[in-house]
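To start, the structure itself, in structure tokens.
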Amino acid sequence: MKNKTPLKKDITKVVLESGIEVDPLYTHESIGQPDLSNPGEYPFTRGIHKLMYRKRPFTIRQYAGFGTPTETHERFLYLIKNGQTGLNVAFDLPTQTGLDSDDPRAVGEVGRVGMSVDTLADFEEVFDGIDLDKITVSLTINGSAIILVAMYLAMAQKRGFDIKNLRGTAQNDILKEFIGRGTWIFPVDASVKMVVDIIEYCANEVPKYSPVSVCGYHIRESGANPVQEMAYAFCIAKAYTDETMKRGLDIDTFASRLSFNFDIYGNFFEQIAKFRGARRLWAKIIKEQYNSQNDKSCWLRMIAGGGGGGLTKEQPENNIIRSAYYALISALSGTQTMALCSYDEAFTIPTEKAAEISLRTMQILIHEMGICDTVDPLGGSYYIETLSNQMEAAIVKEMAAVDTKGGIVKAISTGTIQEAISRQAYAREMAIQNGDTKKVGVNCFRKEEEAKTVEFHPYDEENARKQLERLHKVKKQRNSIEVKKCLDRIKQDAQDDLNLMPSVIEAVKAYATVGEIAQTLKDAYGEYDEPIYF
Amino acid sequence: MSTKKLKILLGKPGLDGHDVGVKVLGHALVDAGFDVVYTGLRKTIEEIVKKAVDNEVDLIGLSILSGTHLVLCEQMNAEMKKRGLTVPWIVGGNIPDNDVDAIVATGAVAAFPTGTTIEEVIGYCDKLAEK
Chain A
1 MKNKTPLKKD ITKVVLESGI EVDPLYTHES IGQPDLSNPG EYPFTRGIHK
51 LMYRKRPFTI RQYAGFGTPT ETHERFLYLI KNGQTGLNVA FDLPTQTGLD
101 SDDPRAVGEV GRVGMSVDTL ADFEEVFDGI DLDKITVSLT INGSAIILVA
151 MYLAMAQKRG FDIKNLRGTA QNDILKEFIG RGTWIFPVDA SVKMVVDIIE
201 YCANEVPKYS PVSVCGYHIR ESGANPVQEM AYAFCIAKAY TDETMKRGLD
251 IDTFASRLSF NFDIYGNFFE QIAKFRGARR LWAKIIKEQY NSQNDKSCWL
301 RMIAGGGGGG LTKEQPENNI IRSAYYALIS ALSGTQTMAL CSYDEAFTIP
351 TEKAAEISLR TMQILIHEMG ICDTVDPLGG SYYIETLSNQ MEAAIVKEMA
401 AVDTKGGIVK AISTGTIQEA ISRQAYAREM AIQNGDTKKV GVNCFRKEEE
451 AKTVEFHPYD EENARKQLER LHKVKKQRNS IEVKKCLDRI KQDAQDDLNL
501 MPSVIEAVKA YATVGEIAQT LKDAYGEYDE PIYF
Chain B
1001 MSTKKLKILL GKPGLDGHDV GVKVLGHALV DAGFDVVYTG LRKTIEEIVK
1051 KAVDNEVDLI GLSILSGTHL VLCEQMNAEM KKRGLTVPWI VGGNIPDNDV
1101 DAIVATGAVA AFPTGTTIEE VIGYCDKLAE K
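Protein chains in written order, with this note's numbering: chain A, 1 to 534; chain B, 1001 to 1131.
Here's what the structure looks like:
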């Protein structure tokens, strides 16, 4: 029992990315005050549900979408037929940045990294025949989220769906876009206002919809360590929460619909402890700082997986193995939804084969490994419990550090967070390139004469042409006087500082384009001016 | 190493928002003694070239990860010719090995595919400075 100290002298020191030093042995004494709460009980360290996967396995929701709505529709049907239980829609960059397919800046980008959407007609086609009751749809959209969420709701309404019962998720986390991913459009304050418009509108009109998925994921991918990933995501979620409450909404009218998107790569145990510690901390924040009276508001509901930052171009098949471990981590961490990067995703849009392997990886975990049999199987592990406590404390400390910088919105506006994280990304890259951080197949066990048999997802110029045709056809058929009226109303509502959702929904129903609505909002609010530190 | 301190403009053309790589390279080049000017995200080729002229840079580096590199390189070539500029320009990002030759054919002096080390890029810039 007391052999810990002499052992440590003789061995190499191990420090996790988050700065926590790992002991060679953990015992019951290491844990300190044990957390004896059960799954489904506040503060939910062991999981937000009593029975977790024993009742229902995690949802499999691979990120997909490319080309025209027709092609994406086909891929969705294929994924559903193969047992995927949720859809996660990828949009092309013009759609994500609020440009129409016929904008000069969109040349070469239409349908390239996701599906192109110009008008409601595109949404009507892509979701045609998909049962919105059974398949929950997640929209990976941020800068132009207000337009695309409005389109999703309009599409559902036009199909006769009562949006009071509509489920689904919008990523709609603009603050992280300023840190990583970069599909911002409007200035920070106006961007946050639109996020909150969606939260407020959904709380009142679409109560089962998750209007925001706060992403630690992209913050981590941009160079943050696991503690910063959670800390910054929580600061961002708190910023949205504070702004929503300023509109007079009670915490318990919307907090249960907030969700999160987190990253998995790096040290196996550090990631699991990250989720367990963070789940407990988020529950405490919502209950203690916001006086929630509802346990559901305190749930850290998450999609976790991905792990793009851990994948390598070298020996790409190794990424299949890495992703399988990431999936295991995600399941052992009690995720609600899982998505994995495909093994070729380090360099291309997944081929059908690669996407299928990801799907099967998660299905094998559910159906062959007994992962769903018992809740939080690692609960009570000396190491995991100790590390969960340490990660929670470290996240609290990091959040306090953001507060001392004037809060997350200020730190993002001035670019201080972005600069600090990019320096860490640089340090991490150097550590890989000089061999301090081991990457199998990259800086060790490398084969120099490897055949480069990577299959790329082809880009089809013909699709872009088809999309332009669709856009022009819709523009010809719609009532342009009505469109103009709708755009004027958006402008007026922006000037009057009203919630923009009703007027944007009206505009998309009149087949106003993504680009027209985005331009109207740019006229009202201006555009973001990126802080540059070189 | 370098006989003179090169001034390098790093640009992000197109709509791609992935800037981890370009920022990592920016830090590395600054550490290696180069003078770095960064354009920020989502600039048109015209904006990037204008910034390069305004800052009188010795080298332009374009970072492209969305797969649009060939389209953007052709635009770059046209813009450089239109302005009669001879500033060398290079391309990095998510570049498949197979596309390196095609990129060079558009007028870039070099293209660095995924997997290129920072050391290799710095080595290239050092060599350019010696010329």
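Glycine included, each C-beta is placed from N, C-alpha and C at the ideal position.
Inset, instruction - Please confirm if residue 313 of chain A has its CB atom under 8 Å from at least one CB of chain B. - result: Residue contact check for residue 313 of chain A against chain B: a CB pair falls below 8 Å.
Legend entry - Whole-Å CB distance - residue 305 of chain A paired with residue 264 of chain A, under 8 Å assumed: With 8 Å as the limit, residue 305 of chain A and residue 264 of chain A qualify as a contact, their Cβ atoms being about 6 Å apart.
Legend entry - The alpha helix (DSSP H) enclosing residue 99 of chain A, as first and last residue numbers: For residue 99 of chain A, no alpha helix (DSSP H) encloses it, and the DSSP letter there is neither H nor E.
Legend entry - Integer Cβ distance of residue 26 of chain A from residue 386 of chain A, believed to fall under 8 Å: Going by Cβ atoms, the distance from residue 26 of chain A to residue 386 of chain A rounds to 5 Å, so yes, they are a contact pair.
Legend entry - Three-state secondary structure (DSSP) of residue 1039 of chain B: In the three-state reduction of the DSSP assignment, residue 1039 of chain B falls in the coil class, being assigned neither a helical nor a strand state.
Legend entry - As assigned by DSSP and simplified to three states, the class of residue 11 of chain A: It is coil, neither helix nor strand.
Inset, instruction - Check whether the region 117-134 of chain A touches the region 1003-1015 of chain B, counting contact only when three or more Cβ pairs, one atom from each stretch, lie closer than 8 Å. - result: In short, these stretches do not touch, since the Cβ pair count stays below three.
Inset, instruction - Reducing DSSP to helix, strand and coil, say where residue 282 of chain A ends up. - result: Here residue 282 of chain A sits in helix by DSSP.
Legend entry - Residues near residue 1116 of chain B by beta carbon distance below 6 Å, same chain, minus five either side: Closer than 6 Å at the Cβ level, and outside the excluded window around residue 1116 of chain B, lies no residue.
Legend entry - chain B residues whose Cβ lies nearer than 9 Å to that of residue 425 of chain A: Result: 1020, 1021, 1023, 1024, 1027.
Inset, instruction - Please look up how many angstroms separate the CB atoms of residue 192 of chain A and residue 243 of chain A, rounded, as I've assumed it's under 8 Å. - result: The Cβ separation is near 6 Å, so the contact holds.
Legend entry - Contact check, residue 448 of chain A vs residue 185 of chain A, beta carbons under 8 Å: In this structure, residue 185 of chain A does not lie closer than 8 Å to residue 448 of chain A by Cβ.
Legend entry - Residue-chain proximity (residue 1107 of chain B, chain A), Cβ-Cβ < 8 Å: By this cut-off, residue 1107 of chain B is not an interface position.
Legend entry - Host beta strand (DSSP E) of residue 1007 of chain B (start-end): Element bounds for residue 1007 of chain B: 1007-1011.
Inset, instruction - State the Cα-Cα distance for the pair residue 574 of chain A and residue 483 of chain A, rounded to the nearest angstrom. - result: Absent from the structure is residue 574 of chain A, since the part of chain A shown begins at 1 and ends at 534.
Legend entry - Minimum Cβ-Cβ distance from residue 1067 of chain B to chain A less than 8 Å: Closer than 8 Å: yes.
Inset, instruction - Give, in chain order, every residue of the region 1038-1061 of chain B whose Cβ lies closer than 9 Å to some Cβ of chain A. - result: So the list reads 1038, 1039, 1040, 1041, 1042, 1044, given in the order they occur along the chain.
Legend entry - Short CB-CB distance (under 8 Å) between residue 1077 of chain B and chain A: By this cut-off, residue 1077 of chain B is not an interface position.
Inset, instruction - Give a yes or no on whether the minimum CB-CB distance between residue 1015 of chain B and chain A is below 8 Å. - result: Taking a beta-carbon distance threshold of 8 Å, residue 1015 of chain B counts as an interface residue toward chain A.
Inset, instruction - Please state whether DSSP places residue 533 of chain A in a helix, a strand or coil. - result: Here DSSP, grouped into helix, strand and coil, assigns residue 533 of chain A to coil.
Legend entry - Boundaries (first-last residue) of the beta strand (DSSP E) holding residue 263 of chain A: 258-263 is the span of the beta strand (DSSP E), which, as asked, contains residue 263 of chain A.
Inset, instruction - Mind checking which residues open and close the alpha helix (DSSP H) that includes residue 72 of chain A? - result: Per DSSP, residue 72 of chain A belongs to the alpha helix (DSSP H) from 69-81.
Legend entry - Expected contact under 8 Å - CB spacing of residue 61 of chain A and residue 339 of chain A to nearest Å: About 5 Å separates the beta carbon of residue 61 of chain A from that of residue 339 of chain A, a gap short enough to meet the 8 Å contact definition.
Legend entry - Member of A:120, A:137, A:49, A:113 whose CA lies at the smallest distance from the CA of residue 79 of chain A: For the residues A:120, A:137, A:49, A:113, the minimum Cα distance to residue 79 of chain A belongs to A:137.
Legend entry - Contact belief for residue 428 of chain A with residue 223 of chain A at Cβ below 8 Å, rounded distance in angstroms: The Cβ separation is near 6 Å, so the contact holds.
Inset, instruction - Compare the Cα-Cα distances from residue 94 of chain A to each of A:500, A:466, A:198, A:514 and report the closest residue. - result: Between residue 94 of chain A and the set A:500, A:466, A:198, A:514, the nearest pair of CA atoms involves A:514.
Inset, instruction - Return the CA-CA distance between residue 170 of chain A and residue 139 of chain A, expressed in angstroms with no decimal places. - result: Cα to Cα, the separation comes out at about 5 Å.
Inset, instruction - Would you mind sorting residue 159 of chain A into buried or exposed? The rule is 16 or more other CB atoms within 10 Å of its CB. - result: Result: exposed.
Inset, instruction - Can you have a look at residue 129 of chain A and say buried or exposed, based on whether 16 or more other CB atoms are within 10 angstroms of its CB? - result: Of the residues assessed, residue 129 of chain A falls on the exposed side of the cut-off, its CB having fewer than 16 other CB atoms within 10 angstroms.
Inset, instruction - Kindly indicate which residue of A:272, A:462, A:280 has the alpha-carbon position closest to the one of residue 234 of chain A. - result: Comparing alpha carbon positions, the residue from A:272, A:462, A:280 closest to residue 234 of chain A is A:280.
Legend entry - C-beta contact flag for residue 180 of chain A and residue 229 of chain A at 8 Å: Remark: C-beta atoms of residue 180 of chain A and residue 229 of chain A do not approach each other more closely than 8 Å.
Inset, instruction - Answer yes or no: does any C-beta atom of chain A fall closer than 8 Å to that of residue 1093 of chain B? - result: No, no contact with chain A.
Legend entry - Stretch-stretch touch, CB-based, cutoff 8 Å, three pairs: the region 335-353 of chain A with the region 477-495 of chain A: Cβ pair count under 8 Å is below three, so no.
Legend entry - Sequence-distant residues of its chain with Cβ nearer than 7 Å to residue 1052 of chain B (five each side left out): Excluding residues within five positions, the ones whose Cβ falls inside 7 Å are 1009, 1060, 1087.
Legend entry - Distance CB(residue 1091 of chain B)-CB(residue 1065 of chain B) smaller than 8 Å: Result no, Cβ atoms of residue 1091 of chain B and residue 1065 of chain B do not sit closer than 8 Å.
Legend entry - Buried versus exposed, by CB contacts within 10 Å (16 or more), residue 336 of chain A: With 16 or more other Cβ atoms within 10 Å, it is buried.
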